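And the structure:
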């Protein structure tokens with residue numbers, strides 16, 4: 004029996020553990036007898052167990068077989084593993100990737116460093132307001 008937090012990588016890990024369990028068949032039978040609606044029992048999800056209860060033979064039930072990544076880390080996360088190790092490695096990878104590709108930007112008004120997501124051309128609201136005020140003045144001059 005296993006109750007994953009979500010349908011992500013923990014489900015795959017639970018199924019892999021169940022497939023190697025010596026009492027998998029008994030576990031599945033117990034879940035079917037009791038009508039368990041949640042969790043992984045005997046390497047089957049609730050949806051897969053519902054198909055069995057409705058009369059489908061074990062051969063016709065579409066069972067999602069676990070395919071776990073060979074390695075843990077950011078590559079494992081990309082392949083579907085959502086364990087804590089892979090999540091942490093993915094976060095580190097993204098952070099390093101963003102820092103490596105982030106260019107140092109300079110404010111077009113005052114020459115200060117632009118911080119944040121890097122899309123802005125201004126270091127502060129004050130500098131943005133200066134540019135907006137200049138645009139409004141230019142528009143008024145053209146209109147006059």
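Residue numbers (the numbering used here): 4 to 147. In this text, a Cβ means the ideal position worked out from N, Cα and C, and glycines have one as well. Note that the coordinates shown come from a computational prediction; the quantities given were computed from them, not determined experimentally.
Check: In three-state terms, what does DSSP make of residue 18?; Outcome: helix
Check: CB residue 21 to CB residue 46, shorter than 7 angstroms?; Outcome: yes
Check: Below 7 angstroms between beta carbons: does that hold for residue 91 and residue 76?; Outcome: no
Check: Could you tell me whether any Cβ in chain B is nearer than 7 angstroms to the Cβ of residue 132?; Outcome: Considering every chain present, this structure includes no chain B. It has just one protein chain.
Check: So for residue 109, helix, strand or coil by DSSP?; Outcome: strand
Check: Just to confirm before moving on: does the CB-CB distance between residue 117 and residue 126 stay below 7 angstroms?; Outcome: yes
Check: With distances taken between CB atoms, is the gap from residue 94 to residue 79 smaller than 7 angstroms?; Outcome: no
Check: Suppose you measure from the CA of residue 32 to the CA of residue 122; what does that come to, to the nearest Å?; Outcome: 57 angstroms
Check: With respect to the alpha helix (DSSP H) encompassing residue 1, which residues constitute its N-terminal and C-terminal limits?; Outcome: Only positions 4 to 147 of the chain appear in the structure, and residue 1 is not among them; the question remains open.
Check: How is the alpha helix (DSSP H) around residue 33 delimited, first residue to last?; Outcome: 27 to 37
Check: Have a look at residue 146 and residue 139 and give me their C-alpha separation to the nearest angstrom.; Outcome: 11 angstroms
Check: State yes or no: is the C-beta of residue 133 within less than 7 angstroms of the C-beta of residue 124?; Outcome: no
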